[in-house]
Amino acid sequence: MSSKTGSIRHLGIQHDSVCPTRIGLLTKLIHGITSPNVALPPTTTLPPMFHFALLHRLDTRLSFDGYDADHAPPSFDAMRRRLLVSGSLRVTRSLAVDRDTRVAQTLSLARVAQRMGTPFVTVARDIVDAGCGELAILDERTLAYPLRGPLRAGSGGNTYPTRRTREVKQEAFSRKHAVSEVQAFQYSALTFNSHLIHYNRDYAREEGYTDVVVPGTLLATIASTHVLNYTNAKEPAISMNTFKYSFSRPVHVNEEFVVSGDGESKVWIETASQPAEIIMRAGYGMCDRMELE
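The opening position of the sequence shown corresponds to residue 808 in my numbering, with each subsequent residue numbered one higher.
Written as structure tokens, this is what we have:
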């Protein structure tokens, strides 16, 4: 399989099935955060962002921070930290949640850049429906490797690249949440994310955080789930086919945040504390479910 991202380094091919047990456990976890008082709905097709529960690499070498060593630049050492700063998802084919649904993933480093002394590495995942050979999911995540120190929003140095300035938008929905330490650990286990900042408080503080950090992909999954819940309540036959997100600051466990959306193409997360700071901005696209079959 050839990557669709113009890769600069091939990291391997993984094979898996769309396991109902793993997807069911992740569905239960996300539902417990987003809609704890609503009956758990059946999951027949893979929801957006749930591919992180699949296609794990069991033989990868880990860095000192517990995460994949081959996702890091040569300059990565204990003077730097690793941040998820942005990502994008494009769904071109729906995948049935069934052990008979086989998938294959091509993993690669798509881009490496340097901005004001900070390395940025983009990791791409191209996921194919092995049954028909058609591309189903294209996922990219960009990781930054700034020097450790106080986290600020801006560009370069110790900072996230996105400003935290709050934008005034018309809200179609708004929900307040907090992710517990147990939920952050469960998500890390289900997605095979061994980055120490997501479950080791002492290490997280060593990197300069005040507590365990909620995984960024979990926040993006919570946001995309709210978009789907809002949209499908009005139009059940609509699916999400694109989701692009960027972060301005981390969220610690037990820290309250608010997920809001305009009901059309944008969703954002901000702090519940005032004055509100933007945590994540995202844009998305929707399509008729039939277009993905």
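Ideal placement from N, C-alpha and C gives every residue a C-beta, glycine not left out.
With distances taken between CA atoms, I1085 lies nearest to V1065 out of D1095, V1065, C1094.
Apart from sequence neighbours up to five positions away, the residues of its chain that approach Y874 with a beta-carbon distance below 7 Å are R889, S1001, H1002, ordered along the chain.
Of the other Cβ atoms in all chains shown, 16 or more fall within 10 Å of the Cβ of G894; this residue is therefore buried. Per DSSP, S995 is one residue of the alpha helix (DSSP H) stretching across 988 to 997. E1013: not part of any beta strand (DSSP E); member of the alpha helix (DSSP H) spanning 1008 to 1013, first to last residue. Taking a C-beta distance under 7 Å as the contact criterion, V1058 and V1019 do not qualify as a contact pair. Judged by DSSP in its simplified three-state form, A1027 adopts helix. Listed in chain order, the beta strand (DSSP E) elements of length 3 or more contained wholly in the stretch 889 to 955 are 890 to 898, 905 to 922, 925 to 936, 941 to 951. According to the DSSP assignment, H838 belongs to the alpha helix (DSSP H) that extends over 827 to 841. Apart from the 5 residues on each side of it in sequence, S842 has no Cβ closer than 6 Å to any other Cβ in its chain. If you compare the alpha carbons of G839, Y952, I944, M1093 with that of D884, the shortest gap goes to Y952. With respect to the C-alpha of V845, the residue from T851, T834, L853, T852 having the closest C-alpha is T834. V1021 is positioned such that its CB atom lies no closer than 7 Å to that of V1074.
For L836, the closest of K1051, A991, G1090, M1047 by C-alpha to C-alpha distance is A991.
In terms of Cβ geometry, Y994 and V1034 do not form a close pair [threshold 7 Å]. Just so you know, the alpha carbons of S915 and H863 end up roughly 14 Å apart. DSSP places D884 outside any beta strand (DSSP E), giving it a letter other than H or E. Burial state of T851 is exposed, judged by a 10 Å Cβ sphere holding fewer than 16 other Cβ atoms. A1040 has its alpha-carbon roughly 41 Å from the corresponding atom of D872. Taking the Cβ atoms as the reference, R906 lies roughly 16 Å from P849, outside the contact range of under 8 Å. With respect to H822, A911 sits close: the two C-beta atoms are nearer than 7 Å. The bridge partners DSSP lists for R816 are L916.
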